[in-house]
Every structure is written in structure tokens, then in C-alpha cells.
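Line by line, the protein sequences give chains A and B.
To convert, note that position 51 of the first sequence is 51 in my numbering; the numbers rise steadily by one, no gaps.
To convert, note that position 144 of the second sequence is 144 in my numbering; the numbers rise steadily by one, no gaps.
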Amino acid sequence: MAIRNILNKTSDWLGGDGPHHQIVVSSRVRLARNLRGVPFPGWAKKAERVTILETIRPRVEGLPEMGDAYSLPCQDLSALEKQVLVERHLISREHAAKGLGSAVVMNRKQNLSIMVNEEDHLRMQAIRSGLQLKAAFKAINKVDTELEKELDFAFDSTLGYLTACPSNVGTGMRASAMVHLPGLVLSEQINQVIQAVNKIGLAVRGLYGEGTEALGNLFQVSNQTTLGESEEQIIDRLQKVILQLIEHEQNARMTLLQHRPNTLLDNVGRAYGILRHAYSMNSKEALNLLSLAKLGCDLGFYPEPWQVAVDELFMETQPAHLQKGSQQKLAADERDALRAEIIRGKLQECPGPAMASVLSSVPAPTTPPKEIGDA
Amino acid sequence: MLCDVCKTESASVFLTQIVDGKMQKVNMCENCSRERGVTDPTAFALADLLKGLGAAQEVEQIVGRGQKCDTCGFTLVEFKKTGRLGCSACYPVFSEGIATMLSGMHKGSNHVGKVPERFVKTVERERVLKDLQQRLRKAVTEENYEEAATLRDQIKGMGEEE
Numbered sequence: 001m002a003i004r005n006i007l008n009k010t011s012d013w014l015g016g017d018g019p020h021h022q023i024v025v026s027s028r029v030r031l032a033r034n035l036r037g038v039p040f041p042g043w044a045k046k047a048e049r050v051t052i053l054e055t056i057r058p059r060v061e062g063l064p065e066m067g068d069a070y071s072l073p074c075q076d077l078s079a080l081e082k083q084v085l086v087e088r089h090l091i092s093r094e095h096a097a098k099g100l101g102s103a104v105v106m107n108r109k110q111n112l113s114i115m116v117n118e119e120d121h122l123r124m125q126a127i128r129s130g131l132q133l134k135a136a137f138k139a140i141n142k143v144d145t146e147l148e149k150e151l152d153f154a155f156d157s158t159l160g161y162l163t164a165c166p167s168n169v170g171t172g173m174r175a176s177a178m179v180h181l182p183g184l185v186l187s188e189q190i191n192q193v194i195q196a197v198n199k200i201g202l203a204v205r206g207l208y209g210e211g212t213e214a215l216g217n218l219f220q221v222s223n224q225t226t227l228g229e230s231e232e233q234i235i236d237r238l239q240k241v242i243l244q245l246i247e248h249e250q251n252a253r254m255t256l257l258q259h260r261p262n263t264l265l266d267n268v269g270r271a272y273g274i275l276r277h278a279y280s281m282n283s284k285e286a287l288n289l290l291s292l293a294k295l296g297c298d299l300g301f302y303p304e305p306w307q308v309a310v311d312e313l314f315m316e317t318q319p320a321h322l323q324k325g326s327q328q329k330l331a332a333d334e335r336d337a338l339r340a341e342i343i344r345g346k347l348q349e350c351p352g353p354a355m356a357s358v359l360s361s362v363p364a365p366t367t368p369p370k371e372i373g374d375a
Numbered sequence: 001m002l003c004d005v006c007k008t009e010s011a012s013v014f015l016t017q018i019v020d021g022k023m024q025k026v027n028m029c030e031n032c033s034r035e036r037g038v039t040d041p042t043a044f045a046l047a048d049l050l051k052g053l054g055a056a057q058e059v060e061q062i063v064g065r066g067q068k069c070d071t072c073g074f075t076l077v078e079f080k081k082t083g084r085l086g087c088s089a090c091y092p093v094f095s096e097g098i099a100t101m102l103s104g105m106h107k108g109s110n111h112v113g114k115v116p117e118r119f120v121k122t123v124e125r126e127r128v129l130k131d132l133q134q135r136l137r138k139a140v141t142e143e144n145y146e147e148a149a150t151l152r153d154q155i156k157g158m159g160e161e162e
């Protein structure tokens, strides 16, 4: 079964080897497109959606990029399978609620996925590891150029690509980067940073939490507007902001090491202790502790190979990923026990954080800590 | 306190987000918050929702006229509920109702990005035509009739190319 193969194979972009991968987990660019003269999916009747899907799906499957693709009608996917795809960011939550008349087509590497009849007729996205917004855009733009030869996309010379929601008209593009910012959170600078980013018209969203209290210190930064700027301008602006965020995060980590080593060591050390010895852990706690383990890897507290194990645990401990290995549906407390077991197993051989050797290699502070927000 | 979205159920989800440096608040009932994916912020931005709500108020005035999209039968009553339009032909039909909303939502009011291959010529032609018309108006106000005549002929010539 095709779906089994997907579920059992991790996504290519999770490999964590892209540029700036320590801080930027992944880069995504999605384009929204619609067919002219037929109702948008939300307004179309079921029969119309089926017809639209039948028009679009063969064209998408015929793309050179999709030579080895998985093409999955939504009604053939179980709730659990959909949830796994949501956790991997291959389909949206909204798409997971769809049935007959909707589908997703994704390549084997799982770095290109095209949703048919989500909010728009086509939602196409490319994901890359690390900071690779330009590469992701290039990939998805190529797909779009291929498809527009055969599909009559709704386009207006003033408003650009026409989308179901007016907030997407113009380029129909949302570019986003998922960033891991434990240093800025621990040093309590994160709210300032988020406000500064918001001020310049970019959105910051948590990964699984509400508002600014993102779980696992993971944040998604994306463009808010789509009309009035070209794709390249939007990506350029986002890229510059992400590079600044990386710099601020690195400064925050260094400042913590230099000025508040005890806070940092206490957090990293406690995370290690709990991850290695807990017997029940909910996904929120797991994300937050794994974030600290990841920070420990970045700072050299753990030997390098452990980075991969920690990165994998972020995905493997998500509710649907946990569930997919079991025959019957697990209750919440069973999931928490299983989660703790998986983490203990994976980190069994992981040595304790090498606090002393890291601290001894920290350079003495030369300049006072840089203020955030003046960038 | 009533839900800002459906305005019938009582609100139990309270959200605060800073958008463009301003604090925005929204109150929702459990159903609406679930429908809009509030529990999954990856798919949710308060900003989008707020803009949708603000727009709904503007749209309200036009709803009364009962305008309908000939292509898909969509009316702005539905737009008030979902914040989504019916089809691509709805844009010109309801342009009056969504123009202010668009300008509040976006950086500009003109698309400057990618143009599909089959539109490149049309878009280019429209841009040239707009430019010529603007220059013609200027020439007329400046009483530069010689240039105005040349521009008029150019515009006419473009019409014949079709």
C-alpha cells in the first residue's frame, strides 16, 4: 500500500542538513491557484468538486516532478493517516477534514505536495530543510509554470491570481520558515523580537501552541500579504528577517553562556534528566524538553550524532506518529507512557551533557549584549 | 459574551495577537474556534480572521442590494459567514464590496508578481494602454494638441491590433 510507504519513511526535509539548519528547521513556499469559471472548493457542490478533481489530478500526476508520486484521494485515507500527514506538514488541517472530491499528490521525497480542492483548487507547496526559501520557491514555481500550460488559472491583471480568500490574491504565495529560538525564549527577549517582526508586516505563529508561547520554542515566520509585492521581493524580505533572527538567536545563546551559565545549564541538565528517566510524558512536555536537548546539541553539550536522534524524536513523539505503530487506538495515558518509552530508548546511550568542556571554551565577553529590536 | 464569529453561542476561547504592532482580541465559541483551526495555530492567524470580520462589516452595506454572481450564484451573505468568495468571477461582481478590504489587507492594490504565460501579452498591452491614456489626459490638460493627436492615434492603433 502506497500510504504505508509514506508513513514508514521520514520526509526528506527532516534530514536537517540545509543551510543554518541548527536554527532554521525548514523552509516552505506554497502557491494557491484556481481554475477560471468554476466555483472554489468551499462553494462548489460535491459533483462539481469531483469534476474539478478529475480535471486537475491527471495534470498534477503527469508532472515530471511527480513521476514517482503518491496520489491519494482524501476519502481513502484514515483519520490517523491524515493526522500523520498533518504532523509532517504535507497536508493542512483543513485538508485533513476533506473527503470525496479532494486529494493530495506528493513526491516520494515528501518535499513537494499538492493539495487539490483544499480552500483553493490547488495548494502546491515545496519544503526544504534549513533556510532554503529561494530553492523552495524555485521548485514550486517550476511546477506552477508546467501546470499553467494545461490548466486555465484564474488571473486578473490588477489583482493577480484570484483565490477563494481575498487575503491570498496577488501572488497567492505564502513563504514561511520554521525557526527554533530557545535562546531568545530563555533570555526573555522573544516577545520583543516577535513584535519587531510583526511591525514589518510578517506573521509569527507558534508551532503547536497559542499566541507567542510556542511549544518546543518553535516559531513559524511568514509573509502576511500577497498583493503589491513580487514573489522575489516577498522572499527577499523574509530571508533578510530570518537571517537577522538567526543572528539574534546566536547572540542570545552566547550571552546566556557568558552571563547566565547557571540558567542555561540548569535547563539543559534538567531536560536531559527527565528525558532519560521519565515514564509518562505528554506531547507538550516532550516538545519543550526536546527543544532544550536540541539546544544542547547545537552548543556542543552532546556528541554530534545525537543531533539526528533528537531531531527525529520531535516528529516520532507527535500523537499520530506514536499511534501509527499500534494496532488499536491508544488512550492518552497509554500514549504518554509510550512516548516516554520511545524517548528513553532512543536516548539510552546518550552521555550526560558535557557542561565543563563547553563552558571552558566560551570566549570571555568582549562587547556588552546587543539590544534586540534596533535591527 | 457572545462569539465574534457566529454571534449566537457564548464565547469560551479568547485570543490575543499582536498584528502590525497593535493588540487585537477575538472571542469565539468552541465550535467556531475548532472550525477555524484555532487549536492549530499553524493553520490559523488571528489577523486573517480579524480582517475577515472587519471586512464583513463593510460588506454589510452592500449585502442589502442582493447582488449575485451570475457564474456561480454566490452572494455576499455567504461571504459574511465564511470570508471566502464563490468563484473567480465573483471578484469583478463584488469589487465594490471587497476593494476597501483588499487595501487594508495588502501592501498594494496592484499585482506586480508572476503573470501566467497566456496572460503576458494581455497584461503588457493593458499596461501600455494605461500609460498612453494617462499621457493623453496630460497632453490635453496642457493643451498640447499635437502630442494628444499622436497619442490618440496610437491608442486607436492598439485597438485595431486585437
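By construction, the Cβ of each residue, glycine as well, lies at the ideal position given by its N, Cα and C atoms.
Note to self: Using 8 Å for Cβ pairs, my map puts residue 18 of chain A next to residue 195 of chain A. What's the rounded Cβ distance?
What the structure shows: Numbered from its first residue, the first sequence carries residue 18 of chain A at position 18. Numbered from its first residue, the first sequence carries residue 195 of chain A at position 195. Not confirmed; about 28 Å, so no contact.
Check: chain A partners of residue 126 of chain B, CB-CB under 8 Å?
Finding: What you label residue 126 of chain B is simply residue 126 of the second sequence in a count that begins at 1. Near residue 126 of chain B (Cβ distances below 8 Å), the residues of chain A are 157.
Next item on the list: Could you round the C-beta distance between residue 122 of chain A and residue 56 of chain A to whole angstroms and report it? I think they count as a contact, below 8 Å.
Entry: Taking the first residue of the first sequence as position 1, residue 122 of chain A is located at position 122. Taking the first residue of the first sequence as position 1, residue 56 of chain A is located at position 56. Rounded to whole angstroms, the Cβ separation of residue 122 of chain A and residue 56 of chain A is 7 Å, and the two are in contact under 8 Å.
Margin query: Can you list, in chain order, the residues of its chain with a C-beta nearer than 7 Å to that of residue 6 of chain B? Leave out the 5 residues immediately preceding and following it.
Written below: For this step, residue 6 of chain B is matched to residue 6 along the second sequence. Excluding positions up to five away in sequence, the list reads 29 and 32.
Notebook entry, point to check: At a Cβ cut of 7 Å, what residues of the region 24–41 of chain A count as close to chain C, listed as they run along the chain?
Noted result: No chain C is present in this structure, whose protein chains are A and B.
Notebook entry, point to check: Hey, would you say residue 29 of chain A sits closer than 8 Å to residue 60 of chain A, going by beta carbons?
Noted result: The residue given as residue 29 of chain A occupies position 29 in the first sequence. The residue given as residue 60 of chain A occupies position 60 in the first sequence. It is not a contact, given that the beta carbons lie outside the stated cut-off.
Margin query: Just list the residues that DSSP pairs residue 115 of chain A with in beta bridges.
Written below: Taking the first sequence and counting its residues from 1, one reaches residue 115 of chain A at position 115. Residue pairing of residue 115 of chain A in beta bridges, as defined by DSSP: A:104 and A:123.
Item checked: Member of A:216, A:214, A:237 and A:190 whose CA lies at the smallest distance from the CA of residue 224 of chain A -> Reading the first sequence from its first residue, position 224 is the one you call residue 224 of chain A. If we check each option's Cα against that of residue 224 of chain A, A:237 comes out closest.
Note to self: Could you tell me the alpha carbon to alpha carbon distance between residue 43 of chain B and residue 118 of chain A, rounded to whole angstroms?
What the structure shows: Taking the second sequence and counting its residues from 1, the one referred to as residue 43 of chain B is at position 43. Taking the first sequence and counting its residues from 1, the one referred to as residue 118 of chain A is at position 118. With a pLDDT of 43 at residue 43 of chain B, under the threshold of 50, the modelled position of that residue is not reliable, and no figure is offered here.
Next item on the list: Determine the chain B residues that contact residue 43 of chain A at a beta-carbon separation under 8 Å, and present them in chain order.
Entry: Along the first sequence, read from residue 1 onward, the residue named residue 43 of chain A stands at position 43. Here the neighbours are 72, 74, 78, 84, 85, 86 and 87.
Next item on the list: Output yes or no for whether 8 Å exceeds the beta carbon distance between residue 290 of chain A and residue 216 of chain A.
Entry: Within the first sequence, the letter at position 290 stands for residue 290 of chain A. Within the first sequence, the letter at position 216 stands for residue 216 of chain A. Result yes, Cβ atoms of residue 290 of chain A and residue 216 of chain A sit closer than 8 Å.
Checklist line | 8 Å CB neighbourhood of residue 136 of chain B in its chain, flanking five on each side removed | finding: By 1-based counting over the second sequence, the position of residue 136 of chain B is 136. Apart from sequence neighbours up to five positions away, the residues of its chain that approach residue 136 of chain B with a beta-carbon distance below 8 Å are 148, 151, 152 and 155, ordered along the chain.
Notebook entry, point to check: For the candidate residues A:249, A:340, A:332 and A:312, whose alpha-carbon lies nearest to that of residue 279 of chain A?
Noted result: Within the first sequence, numbered from 1, the residue matching residue 279 of chain A stands at position 279. Residue 279 of chain A has its Cα closest to that of A:340, out of A:249, A:340, A:332 and A:312.
Checklist line | Close beta carbons around residue 211 of chain A, own chain, < 7 Å, minus the five adjacent residues each side | finding: To locate residue 211 of chain A, count along the first sequence from 1; it is residue 211. Model confidence at residue 211 of chain A stands at a pLDDT of 48, short of 50, so the residue's coordinates are unreliable; what they give is reported in the following sentence. Same-chain partners within the cutoff: there are none.
Note to self: According to DSSP, is residue 131 of chain B part of a helix, a strand, or is it coil?
What the structure shows: Residue 131 of chain B sits at position 131 when you count from the first residue of the second sequence. Helix, per DSSP.
Next item on the list: Please go through the same chain and pick out, in chain order, the residues whose beta-carbon is closer than 6 Å to the beta-carbon of residue 126 of chain A, but skip the five residues on each side of it.
Entry: Position 126 of the first sequence, counted from the start, is the residue given in the question as residue 126 of chain A. The answer, listed in chain order, is 29, 112, 136, 139 and 140.
Check: Which residues in the same chain have their Cβ closer than 7 Å to the Cβ of residue 297 of chain A, if we skip the five residues on either side of it in sequence?
Finding: In the first sequence, the residue the question calls residue 297 of chain A occupies position 297. If you ignore the 5 residues before and after residue 297 of chain A, its C-beta comes within less than 7 Å of the C-beta of 306, 307 and 310, all in its own chain and listed in chain order.
Item checked: Collapsed DSSP secondary structure at residue 187 of chain A in the structure displayed -> Counted from its first residue, the first sequence places residue 187 of chain A at position 187. Three-state result, residue 187 of chain A: coil.
Notebook entry, point to check: What residues from chain A crowd round residue 123 of chain B, counting only those whose CB sits closer than 7 Å?
Noted result: Reading the second sequence from its first residue, position 123 is the one you call residue 123 of chain B. Under the 7 Å cutoff, chain A gives 157.
Check: Which residues, in chain order, does the region 93–111 of chain B contribute to contact with chain A at a C-beta distance below 8 Å?
Finding: For the region 93–111 of chain B, the beta-carbon criterion of a distance under 8 Å to any beta-carbon of chain A is satisfied by 98, 101, 102, 105, 106, 107, 108, 109, 110 and 111.
Check: If you run the structure through DSSP and keep just helix, strand and coil, what is residue 225 of chain A?
Finding: The residue labelled residue 225 of chain A in the question sits at position 225 within the first sequence. Coil at residue 225 of chain A, not helix or strand.
Next item on the list: Please check if any C-beta of chain B sits within less than 8 Å of the C-beta of residue 227 of chain A.
Entry: What you label residue 227 of chain A is simply residue 227 of the first sequence in a count that begins at 1. Yes, residue 227 of chain A lies at the interface with chain B (some Cβ there is under 8 Å from its Cβ).
Notebook entry, point to check: Along chain A, which residues have their Cβ under 8 Å away from the Cβ of residue 119 of chain B?
Noted result: Translated into the one-based positions of the second sequence, residue 119 of chain B becomes position 119. Residue 119 of chain B reaches chain A at 155 and 157, counting residues in chain order whose Cβ is nearer than 8 Å.
Note to self: According to DSSP, is residue 25 of chain A part of a helix, a strand, or is it coil?
What the structure shows: Residue numbering aside, residue 25 of chain A sits at position 25 when the first sequence is read from its first letter. Strand, per DSSP.
Note to self: Threshold first: 4 residues or longer. Then list the alpha helix (DSSP H) segments lying entirely within the region 146–207 of chain A, N to C.
What the structure shows: With a minimum length of 4 residues, the continuous alpha helix (DSSP H) runs that stay inside the region 146–207 of chain A are 182–186 and 190–199.
Next item on the list: For residue 286 of chain A, return the contacting residues in chain B, with the cut-off set at a CB-CB distance below 8 Å.
Entry: Locating residue 286 of chain A in the first sequence gives position 286, counting from the first residue. In chain B, no part has a C-beta under 8 Å from the C-beta of residue 286 of chain A; the shortest such distance is about 18 Å.
Next item on the list: Evaluate the contact criterion for the region 327–339 of chain A versus the region 259–271 of chain A: three or more CB pairs, one atom per stretch, below 8 Å.
Entry: Taking 8 Å as the limit for Cβ pairs, the verdict is that the region 259–271 of chain A does not touch the region 327–339 of chain A.
Margin query: Just verifying my parser: in three-state terms, what is the DSSP assignment at residue 100 of chain B?
Written below: Counted from its first residue, the second sequence places residue 100 of chain B at position 100. Of the three classes helix, strand and coil, the one that applies to residue 100 of chain B here is helix, per DSSP.
Margin query: Rounded to the nearest angstrom, what separates residue 103 of chain B and residue 205 of chain A at their Cα positions?
Written below: As a first step, residue 103 of chain B must be located in the second sequence, where it is residue number 103. As a first step, residue 205 of chain A must be located in the first sequence, where it is residue number 205. Residue 103 of chain B and residue 205 of chain A have their C-alpha atoms roughly 23 Å apart.
Check: Since residue 114 of chain B meets chain A, which of its residues come closer than 7 Å, beta carbon to beta carbon?
Finding: Walking along the second sequence from the start, residue 114 of chain B turns up at place 114. Residues of chain A passing the Cβ test: 171 and 231.
Notebook entry, point to check: Which partner residues of residue 31 of chain A appear in the DSSP bridge assignment?
Noted result: To locate residue 31 of chain A, count along the first sequence from 1; it is residue 31. Residue pairing by DSSP puts residue 31 of chain A in a beta bridge opposite A:124 and A:173.
Next item on the list: Evaluate the contact criterion for the region 178–185 of chain A versus the region 145–152 of chain A: three or more CB pairs, one atom per stretch, below 8 Å.
Entry: The answer is no - the region 145–152 of chain A does not touch the region 178–185 of chain A, with fewer than three Cβ pairs under 8 Å.
Item checked: is_contact[residue 91 of chain B, chain A] using C-beta, thresh 8 Å -> Here residue 91 of chain B is taken as the residue at index 91 of the second sequence, counted from 1. With 8 Å as the cut-off, residue 91 of chain B counts as an interface residue toward chain A.
Next item on the list: Please report the Cβ distance between residue 90 of chain A and residue 75 of chain A, rounded to the nearest whole angstrom; I am assuming they are in contact, meaning their Cβ atoms lie under 8 Å.
Entry: As a first step, residue 90 of chain A is located in the first sequence; it is residue number 90 there, counting from the start. As a first step, residue 75 of chain A is located in the first sequence; it is residue number 75 there, counting from the start. Rounded to the nearest angstrom, the Cβ distance from residue 90 of chain A to residue 75 of chain A is 17 Å, too far for a contact under 8 Å.
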